[in-house]
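Participant:
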Amino acid sequence: AQKITQTQPGMFVQEKEAVTLDCTYDTSDPSYGLFWYKQPSSGEMIFLIYQGSYDQQNATEGRYSLNFQKARKSANLVISASQLGDSAMYFCAMREYDQTGANNLFFGTGTRLTVIP
Amino acid sequence: DVKVTQSSRYLVKRTGEKVFLECVQDMDHENMFWYRQDPGLGLRLIYFSYDVKMKEKGDIPEGYSVSREKKERFSLILESASTNQTSMYLCASSLPRYTDTQYFGPGTRLTVL
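Protein chains in written order, with the working numbering: chain A, 1 to 117; chain B, 1 to 113.
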């Protein structure tokens, strides 16, 4: 089964509007971390925001917030006041606890966001 | 600032050649990773290493090998490059906790002719 599912291959948003990018995850481990990355056309992966499985509050970083619904196993990224520079691929990822430290990230297939002027 | 560097941004090789992709990080991270990225498939893990000289296979290790002789350097080796290995290759490093993010290099776009 897919660990991370992103069902929106592409999204469009008007400049200055808010947009939500969907992400659902699958794990039986009670300890895990959820991450969102941005990948502009240059190719580099840029870390945006993190949410831990034990965090009581939704994470926020500037214009980015994470809508964490643990029971539904969803971790949607909300971008407020979209800017042209937000046009990029966005990846949701999860990292599970491993006592050896030999853990890695599971990635979704990504959502391509296009901001329209 | 964490810095992860990769030896080349673009690389063109011929079928059958041996290819080395180098990755260096400057933050003393225990964990290092190699991914390949193809359109519609997201990032797929090839190999990772959680300590010097240690390596673990990821989801798609076939056709690849790795080397980690020093903590800061993680090399990906294509023993005999094939056209289906044409892809974007991304290296990353991190601390070992599940709460730690991975930091990525700029990527190497490899074309095998």
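Cβ atoms here follow ideal geometry from the backbone N, Cα and C, with glycine treated the same way.
As the structure is a computational prediction, the values presented were derived from the model and not from experiment.
Buried or exposed: where does residue 53 (chain B) fall if 16 or more other Cβ atoms within 10 Å of its Cβ makes it buried?
Facilitator: Working through the second sequence from its first residue, we reach residue 53 (chain B) at position 53. Counting Cβ neighbours within 10 Å, residue 53 (chain B) comes out exposed, since fewer than 16 surround it.
Participant: Rounded to whole angstroms, what's the CA-CA distance from residue 34 (chain B) to residue 67 (chain A)? Just pull it up for me.
Facilitator: Looking up residue 34 (chain B) in the second sequence gives position 34. Looking up residue 67 (chain A) in the first sequence gives position 67. One C-alpha to the other measures close to 29 Å.
Participant: Counting along the chain, where does the beta strand (DSSP E) carrying residue 182 (chain B) start and finish?
Facilitator: Absent from the model: residue 182 (chain B). The displayed extent of chain B is 1 to 113, so no value can be given.
Participant: Where do the ends of the beta strand (DSSP E) carrying residue 38 (chain A) lie?
Facilitator: The sequence position of residue 38 (chain A) within the first sequence is 38, counting from 1. It spans 32-39 - the beta strand (DSSP E) in which residue 38 (chain A) sits, taken as one unbroken run.
Participant: Just the C-alpha distance for residue 28 (chain A) and residue 3 (chain A), rounded to the nearest angstrom, thanks.
Facilitator: Position 28 of the first sequence, counting from 1, holds the residue named residue 28 (chain A). Position 3 of the first sequence, counting from 1, holds the residue named residue 3 (chain A). About 10 Å.
Participant: When the Cα of residue 25 (chain B) is compared with those of B:90, B:84, B:62 and B:110, which residue comes out closest?
Facilitator: Along the second sequence, read from residue 1 onward, the residue named residue 25 (chain B) stands at position 25. It is B:90 whose Cα lies nearest to the Cα of residue 25 (chain B).
Participant: Using the three-state DSSP reduction, which class does residue 10 (chain A) fall into: helix, strand or coil?
Facilitator: Locating residue 10 (chain A) in the first sequence gives position 10, where the first residue counts as 1. Reduced to three states, the DSSP call for residue 10 (chain A) is strand.
Participant: Evaluate residue 32 (chain A) with the Cβ neighbour count: other Cβ atoms within 10 Å of its Cβ, from every protein chain shown; 16 or more gives buried, anything less gives exposed.
Facilitator: Your numbering for residue 32 (chain A) matches position 32 in the first sequence. So residue 32 (chain A) ends up on the buried side.
Participant: Give the straight-line distance between the Cα atoms of residue 70 (chain B) and residue 30 (chain B), rounded to the nearest whole angstrom.
Facilitator: On the second sequence, residue 70 (chain B) is found 70 positions in, with the first residue counted as 1. On the second sequence, residue 30 (chain B) is found 30 positions in, with the first residue counted as 1. In a straight line, the C-alpha of residue 70 (chain B) is about 10 Å away from that of residue 30 (chain B).
Participant: So, helix, strand or coil for residue 38 (chain B), using DSSP?
Facilitator: Locating residue 38 (chain B) in the second sequence gives position 38, counting from the first residue. Here residue 38 (chain B) sits in strand by DSSP.
Participant: Under 8 Å, Cβ to Cβ, is there at least one residue of chain A near residue 110 (chain B)?
Facilitator: Reading the second sequence from its first residue, position 110 is the one you call residue 110 (chain B). It does not: the Cβ of residue 110 (chain B) has no partner Cβ on chain A nearer than 8 Å.
Participant: Which bits of chain A does residue 64 (chain B) rub up against, with CB to CB less than 9 Å?
Facilitator: The sequence position of residue 64 (chain B) within the second sequence is 64, counting from 1. The premise fails here: residue 64 (chain B) is roughly 15 Å from chain A at the closest Cβ pair, so nothing lies under 9 Å.
Participant: Could you tell me if residue 61 (chain A) is buried or exposed, where buried requires 16 or more neighbouring beta carbons within 10 angstroms of its beta carbon?
Facilitator: Locating residue 61 (chain A) in the first sequence gives position 61, counting from the first residue. Exposed is the call here.
Participant: Indicate whether at least one CB of chain A lies closer than 8 Å to the CB of residue 61 (chain B).
Facilitator: For the purposes of this step, residue 61 (chain B) is taken as the residue at position 61 of the second sequence. No, because no Cβ of chain A sits closer than 8 Å to the Cβ of residue 61 (chain B).
Participant: Use the C-beta contact count for residue 9 (chain B): other C-beta atoms within 10 angstroms, 16 or more gives buried, fewer gives exposed.
Facilitator: In the second sequence, the residue the question calls residue 9 (chain B) occupies position 9. Label assigned to residue 9 (chain B): exposed.
Participant: Could you tell me whether the Cβ of residue 63 (chain A) comes closer than 8 Å to any Cβ of chain B?
Facilitator: Along the first sequence, read from residue 1 onward, the residue named residue 63 (chain A) stands at position 63. Not an interface residue.
Participant: Is the CB of residue 25 (chain B) under 8 Å away from at least one CB in chain A?
Facilitator: Within the second sequence, the letter at position 25 stands for residue 25 (chain B). No, its Cβ sits nowhere closer than 8 Å to a Cβ of chain A.
Participant: Would you mind telling me which residues of chain A sit closer than 7 Å to residue 88 (chain B), beta carbon to beta carbon, in chain order?
Facilitator: Counting from one through the second sequence, the residue named residue 88 (chain B) turns up at place 88. Within chain A, the residues near residue 88 (chain B) are 43.
Participant: Can you check DSSP and say which residues form a bridge with residue 108 (chain A)?
Facilitator: Translated into positions along the first sequence, residue 108 (chain A) becomes position 108. For residue 108 (chain A), which the question treats as bridged, DSSP gives no partner whatsoever.
Participant: Can residue 105 (chain A) and residue 94 (chain A) be called in contact, C-beta distance under 8 Å?
Facilitator: Within the first sequence, the letter at position 105 stands for residue 105 (chain A). Within the first sequence, the letter at position 94 stands for residue 94 (chain A). Yes. Within cutoff.
Participant: Check for me: the beta strand (DSSP E) holding residue 52 (chain B) runs from which residue to which?
Facilitator: Along the second sequence, read from residue 1 onward, the residue named residue 52 (chain B) stands at position 52. Here residue 52 (chain B) belongs to no beta strand (DSSP E), and DSSP marks it neither H nor E.
Participant: With a cut-off of 8 Å, does the C-beta of residue 109 (chain A) fall near any C-beta of chain B?
Facilitator: The count along the first sequence starts at 1 and reaches residue 109 (chain A) at position 109. Chain B contact via Cβ: present.
Participant: By Cβ distance, which residues of its chain are closer than 7 Å to residue 101 (chain B), with the 5 residues on each side in sequence left out?
Facilitator: Here the question's residue 101 (chain B) lines up with position 101 in the second sequence. So the qualifying residues of the chain are 94.
Participant: Whole angstroms is fine: what's the gap from residue 182 (chain B)'s alpha carbon to residue 107 (chain A)'s?
Facilitator: Residue 182 (chain B) falls outside the range modelled here, since chain B spans only 1 to 113, and no answer is possible.
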